[in-house]
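Participant: This is the structure, below, for whatever I ask next.
There are 2 protein chains.
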Amino acid sequence: MNIYDIAKEAGVSPATVSRVLNNHKNVKEETRNKIQEVIKGKNYSPNTIARNLSVGTSRNIAFMVPDIENPFFSKILHGISDRAMDNDYNVFMFGTAENTAREHKILDSLKIEMMKGLIIIPVSEADRETAERLKEFEEQGVPVVLIDRDVRNARFDAVFSEDMEGACEAVECLIEEGHKKIGIITGPDTSRPGHERLKGYKRALANNGISLNKDYIICGNFMEDESYEAMKQLLDLEDPPTAVFTSNNMTTLGALRCLKERQMKLGADISVVGFDDIKELAYTDIHLTAVTRPVYEMGCEAMRILERRFRKAEGVEEEKLIIQRNLVKTWLIKRGSEKHKDLSGGSDTYHT
Amino acid sequence: MNIYDIAKEAGVSPATVSRVLNNHKNVKEETRNKIQEVIKGKNYSPNTIARNLSVGTSRNIAFMVPDIENPFFSKILHGISDRAMDNDYNVFMFGTAENTAREHKILDSLKIEMMKGLIIIPVSEADRETAERLKEFEEQGVPVVLIDRDVRNARFDAVFSEDMEGACEAVECLIEEGHKKIGIITGPDTSRPGHERLKGYKRALANNGISLNKDYIICGNFMEDESYEAMKQLLDLEDPPTAVFTSNNMTTLGALRCLKERQMKLGADISVVGFDDIKELAYTDIHLTAVTRPVYEMGCEAMRILERRFRKAEGVEEEKLIIQRNLVKTWLIKRGSEKHKDLSGGSDTYHT
DNA sequence: GTGAAAGCGCTAACAC
DNA sequence: GTGTTAGCGCTTTCAC
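The listed protein sequences correspond, in order, to chains A and B.
Yeah, the first sequence ends on 352 if you go by the UniProt record's numbering, and it's all consecutive.
Yeah, the second sequence ends on 352 if you go by the UniProt record's numbering, and it's all consecutive.
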């Protein structure tokens, strides 16, 4: 069943049917009603593909994410998805598995004309090929919005967080507890959250006159397993740190695994502050102090920026050239894991 | 740039270009090369929408899930997504938020023509409207595969798990520990996992000559908050249960929240066994004994079934009428939370 | 306010 | 082996 069947049935031309389908004005109320009646009666719904071909665009947006199972990303997707649904966009989900090759492959197979926009958390900011491909999308009129991670060699609209400030606050919280020997398990240096959080760590130390110890900086690549190894390495130092800042949720889990294995009590034998919260820990003995941010809203915001770009493309809005890069604020939630039994202040309050 | 440009440039007809694009045989090696050269040279890629319109189908599959952020569903998505990518399908993700109205809305807006297949974890099996819509999809040639939950009034291909058996094993494990007063926080009665797991609970009791106590059965609707309330209710009974079976991961979290609040020690003051594991707990003091199943594989399997249906539709395979309903096995991982200090066997081994 | 008709870019008979 | 051509279902000028 197509627009012609409806037209015939309603005794009008396909053009008119198309008009009511698209809510055009110039249609007599009477004919409009008649047509809508027929449409309902025949339970007709227009063919999106044909429509897309005709108008040369779609309402599909692609969301590319490094790890489908990471709750942080799920939450972003949730934000994107809710806002997309409200505005009748459909979102395709692609997992890159933290693998640039896979990222390229997906980007190549994404038919440009099928996508109206692209939201991506790129695997690596050092990757030129991804940057090239993204630029191509923009050139073809498909706007790109980054979330959380940046790319070099190009500027796109983006939603980031105050990684440096958040990390700095976290480490300063440890310093306030009296810690001087503070380690960090970093993310990859090729991602904004990776290097900015490290920068925040360094700044906190500098602000407080604590000199940097290279041994205390180990990369965990935001991966649980590597972070576990990193934690082992830190603890096995001759002069191990009394506190560790873990750079993201996976990093924190890896570190916790190590502590558990060694039967070290968090908030007593060792202190840990993490970036990004882990909801499930709330009902356990792990009272994690963590940097938090409005993750769901980051997704919504990315979608909002995209829509703005669509409107600009249609000439509805001006200032086509301004690139929008939003920074969301972070805040620290203290729960006790920043404490240490050997340092002033004690940790009793948290271990009742 | 389109197929005509390429044709002109290569000095052939658009049909021939189309032939090489689609790997048809009847093309002279020489012309094929020539055309491929031009394609590469002009960096041309065919328009998927036009192709879809022409052949009357797409490679898009829709995945509808009740809760985008539940890790259980993320894992399923991961399975679907990986397999889809390997076979060049694209997956649209839709979150129904456990809301039938939203589910209907999405189903209605999913233009039938745009989807080649549908994988869904329906909100409620009692919902006729969803069932009707799904049937319509199948009638229009869009196969539907259910995961985890069923719908009444219709039969679709599906991937379920052995909910009853899994729950039964979990509860029998508690019974083996000496428990006689065992509570359950159930899921909604309108979902297969909900009622089947309850059935498993009942069967375990019956198998072991333990009579049913209605007070011990409380519905948590698979929601964390409701489950928290349910746990409170159980503990406030005059003769509270010594052990509780929690029917899914969210249910377990709600119960844990309550225990934490009341400072009850899991595996000592009370025993809990849950359906579905919670990864994050591994590094905490919560040694949850849980029913486990191959979640990622359930996603892959759903996708595999869908592809099979596509092949059948194309007449590649026979036996068009057989409905395929797969049941994945579950197994129990014991970690100590089934123990209780007041019962034989002791729990010391788990509290070193 | 409405209709006729020319596309959108590709595929698939059918003819040669 | 290759070309011609008529769609796929919709939108959108341009007339009327």
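Every residue gets a Cβ at the ideal spot worked out from N, C-alpha and C, and that includes glycine.
These numbers come from a predicted model, not from an experiment.
1. Going by DSSP, what residues sit across from Val291/B in a beta bridge?
2. When you compare only the Cα positions, how much space is there between Thr130/A and Arg304/A?
3. Which term fits Ala158/B, buried or exposed, when burial requires 16 or more other beta carbons within 10 angstroms of its beta carbon?
4. Is there at least one Cβ from chain A nearer than 8 Å to Glu280/B's Cβ?
5. Hey, could you find the ends of the alpha helix (DSSP H) Asp159/B is sitting in?
6. Give me the chain A residues within the contact set of His78/B, using Cβ-Cβ distance strictly less than 8 Å, ordered along the chain.
7. What distance in whole Å lies between the Cβ atoms of Ile106/A and Met64/A, which are believed to be in contact at a cut-off of 8 Å?
8. For Thr349/A, which of helix, strand or coil comes out of DSSP?
9. Count the other CB atoms, across all protein chains shown, that sit within 10 Å of the CB of Asp150/A; report buried if there are 16 or more and exposed otherwise.
10. Could you check which residue in Glu136/B, Lys116/B, Lys339/B and Arg59/B has the C-alpha nearest to that of Ala243/B?
11. On the DSSP bridge assignment, give the partners of Asn60/B in chain order.
12. Using a C-beta cutoff of 8 Å, does Arg133/A count as contacting chain B?
13. Going by CA-CA distance only, name the one from Ser74/B, Lys111/B, Asp5/B and Leu118/B that's closest to Lys40/B.
14. For Val20/B, which residues from the same chain have a beta carbon less than 7 Å from its beta carbon, with the 5 sequence-adjacent residues on both sides left out?
15. What residues in its chain sit with their C-beta under 6 Å from that of Thr292/A, if we drop five residues either side in the sequence?
16. Contact criterion: CB-CB distance below 8 Å. Does Asn92/B meet it with respect to chain A?
17. Using a Cβ-Cβ cut-off of 8 Å, state whether Asn47/A counts as contacting chain B.
18. Measure the alpha-carbon distance for Ser58/B versus Ser18/B and round it to whole angstroms.
19. Taking Ile322/B as the reference, give the member of Cys173/B, Arg308/B and Arg51/B with the closest Cα.
20. Given a cut-off of 8 Å, decide if Leu256/B and Ile61/B are closer than it, judged by their beta-carbon atoms.
21. Go ahead and label Asn207/A buried or exposed: buried means 16 or more other beta carbons lie within 10 angstroms of its beta carbon, across all protein chains shown.
22. Which residues in chain A have a C-beta closer than 7 Å to the C-beta of Lys260/B? List them in chain order.
23. Ignore the nearest five residues each way along the sequence and tell me which others in Glu125/B's own chain have a CB closer than 7 Å to its CB.
24. Rounded to whole angstroms, what is the Cα-Cα separation between Asp348/A and Cys173/A?
25. At the level of alpha carbons, what is the spacing between Glu165/B and Asn23/B?
26. Starting from Ser74/A, find everything on chain B with Cβ-Cβ shorter than 7 Å and list it in chain order.
27. Assess, as a yes-or-no matter, whether the segment 272-287 of chain B is touched by the segment 278-286 of chain A under the definition of 3 or more beta carbon pairs within less than 8 Å.
28. Taking the straight line between their C-alpha atoms, what separation do you get for Lys181/B and Lys214/A?
29. Count the other C-beta atoms from every protein chain shown that fall within 10 angstroms of the C-beta of Lys116/B, then say buried if there are 16 or more, exposed otherwise.
30. Check whether the Cβ of Arg155/A lies closer than 7 Å to any heavy atom of the ligand GDP, and answer yes or no.
31. Quick check on Arg293/B - is its C-beta less than 8 Å from some C-beta in chain A?
32. Starting from Arg257/A, find everything on chain B with Cβ-Cβ shorter than 8 Å and list it in chain order.
33. Looking at C-alpha atoms only, which residue of Phe73/B, Gly79/B, Leu118/B and Glu98/B is the closest neighbour of Phe92/B?
34. At which residue ranges does the segment 195-269 of chain B contain complete alpha helix (DSSP H) runs of 4 or more residues, listed in the order of the chain?
35. Is it true that the segment 231-249 of chain B meets the segment 264-277 of chain B, where meeting means three or more beta-carbon pairs spaced less than 8 Å apart?
36. Using 8 Å as the limit for Cβ to Cβ distance, is Ser81/B near chain A?
Facilitator: According to the structure data:
1. Sequence index remark: in the second sequence, residue 291/B carries index 291 (1-based). Bridge partners of Val291/B: Phe275/B and Leu332/B.
2. If you number the first sequence from 1, residue 130/A lands on position 130. If you number the first sequence from 1, residue 304/A lands on position 304. Computed Cα separation, rounded: 23 Å.
3. Taking the second sequence and counting its residues from 1, the one referred to as residue 158/B is at position 158. Per the 10 Å Cβ criterion, buried.
4. As a working mapping, residue 280/B is identified with position 280 in the second sequence. At least one chain A Cβ lies under 8 Å of Glu280/B.
5. In the second sequence, counting from the first residue as 1, residue 159/B sits at position 159. The sequence shown places Val at residue 159/B, rather than the Asp named in the question. No alpha helix (DSSP H) holds Val159/B; the beta strand (DSSP E) holding it covers Asp157 to Ser161.
6. Here residue 78/B refers to the residue found at position 78 when the second sequence is read from its first residue. Neighbours of His78/B on chain A, chain order: Ile68, Glu69 and Gly95.
7. One-based indexing of the first sequence puts residue 64/A at position 64. One-based indexing of the first sequence puts residue 106/A at position 106. Their Cβ separation, rounded to whole angstroms, is 6 Å, which keeps Met64/A and Ile106/A in contact under 8 Å.
8. Working through the first sequence from its first residue, we reach residue 349/A at position 349. Unreliable positioning characterises Thr349/A in this predicted model, as indicated by a pLDDT of 48, which lies under 50. A coordinate reading is not provided.
9. Taking the first residue of the first sequence as position 1, residue 150/A is located at position 150. When all chains shown are included, Asp150/A counts as buried.
10. Position 243 of the second sequence, counting from 1, holds the residue named residue 243/B. Scanning Glu136/B, Lys116/B, Lys339/B and Arg59/B for the CA closest to the CA of Ala243/B turns up Lys339/B.
11. Residue numbering aside, residue 60/B sits at position 60 when the second sequence is read from its first letter. BP columns for Asn60/B point to Asn90/B.
12. Translated into the one-based positions of the first sequence, residue 133/A becomes position 133. With 8 Å as the cut-off, Arg133/A does not count as an interface residue toward chain B.
13. In the second sequence, residue 40/B corresponds to position 40, counting from 1. Checked all of Ser74/B, Lys111/B, Asp5/B and Leu118/B; the closest Cα to Lys40/B is Asp5/B.
14. Working through the second sequence from its first residue, we reach residue 20/B at position 20. Result list for Val20/B: Val27, Arg32, Ile35 and Gln36, in chain order.
15. By 1-based counting over the first sequence, the position of residue 292/A is 292. Only Asp277, Trp331 and Ile333 meet the Cβ criterion.
16. Taking the second sequence and counting its residues from 1, the one referred to as residue 92/B is at position 92. Correcting the residue identity first, residue 92/B is Phe in this sequence and not Asn. True, the Cβ-Cβ gap to chain A drops below 8 Å.
17. What you label residue 47/A is simply residue 47 of the first sequence in a count that begins at 1. True, the Cβ-Cβ gap to chain B drops below 8 Å.
18. For the purposes of this step, residue 58/B is identified with residue 58 of the second sequence, where counting begins at 1. For the purposes of this step, residue 18/B is identified with residue 18 of the second sequence, where counting begins at 1. Looking at the two C-alpha atoms, the distance is approximately 17 Å.
19. For the purposes of this step, residue 322/B is taken as the residue at position 322 of the second sequence. Distance check between Ile322/B and each of Cys173/B, Arg308/B and Arg51/B places Arg308/B closest, using alpha-carbon atoms only.
20. Counting from one through the second sequence, the residue named residue 61/B turns up at place 61. Counting from one through the second sequence, the residue named residue 256/B turns up at place 256. Not a contact, by the Cβ cut-off of 8 Å.
21. For the purposes of this step, residue 207/A is taken as the residue at position 207 of the first sequence. The residue in question, Asn207/A, is exposed, as its Cβ has fewer than 16 Cβ neighbours within 10 Å.
22. Sequence index remark: in the second sequence, residue 260/B carries index 260 (1-based). What Lys260/B touches in chain A: Tyr283.
23. What you label residue 125/B is simply residue 125 of the second sequence in a count that begins at 1. Excluding sequence neighbours, Glu125/B sits near Arg149, Asp150, Val151, Arg152, Thr190, Ser191 and Arg192.
24. Along the first sequence, read from residue 1 onward, the residue named residue 348/A stands at position 348. Along the first sequence, read from residue 1 onward, the residue named residue 173/A stands at position 173. Low local confidence applies: a pLDDT of 48 at Asp348/A is under 50, so the model's placement there is unreliable, and no value is given.
25. As a working note, residue 165/B is residue 165 in the second sequence. As a working note, residue 23/B is residue 23 in the second sequence. Their backbone Cα atoms lie some 49 Å apart in a straight line.
26. Numbered from its first residue, the first sequence carries residue 74/A at position 74. Going along chain B in sequence order, the residues near Ser74/A (Cβ under 7 Å) are Ile68, Glu69 and Ser74.
27. Yes, since at least three Cβ pairs between the segment 278-286 of chain A and the segment 272-287 of chain B fall closer than 8 Å, the two stretches touch.
28. Looking up residue 181/B in the second sequence gives position 181. Looking up residue 214/A in the first sequence gives position 214. Near 57 Å, if we compare the C-alpha coordinates of Lys214/A and Lys181/B.
29. As a position in the second sequence, residue 116/B is number 116, starting the count at 1. Result: buried.
30. Because no ligand of any kind appears in the structure shown, any question about the ligand GDP cannot be addressed here.
31. Residue numbering aside, residue 293/B sits at position 293 when the second sequence is read from its first letter. Not an interface residue.
32. The residue labelled residue 257/A in the question sits at position 257 within the first sequence. Under the 8 Å cutoff, chain B gives Ala282 and Tyr283.
33. Taking the second sequence and counting its residues from 1, one reaches residue 92/B at position 92. Closest option to Phe92/B, Cα to Cα, is Leu118/B.
34. 224-235 and 249-261
35. By the criterion of at least three beta-carbon pairs nearer than 8 Å, the segment 231-249 of chain B is in contact with the segment 264-277 of chain B.
36. Indexing the second sequence from 1 puts residue 81/B at position 81. Yes - at least one Cβ of chain A is within 8 Å of the one on Ser81/B.
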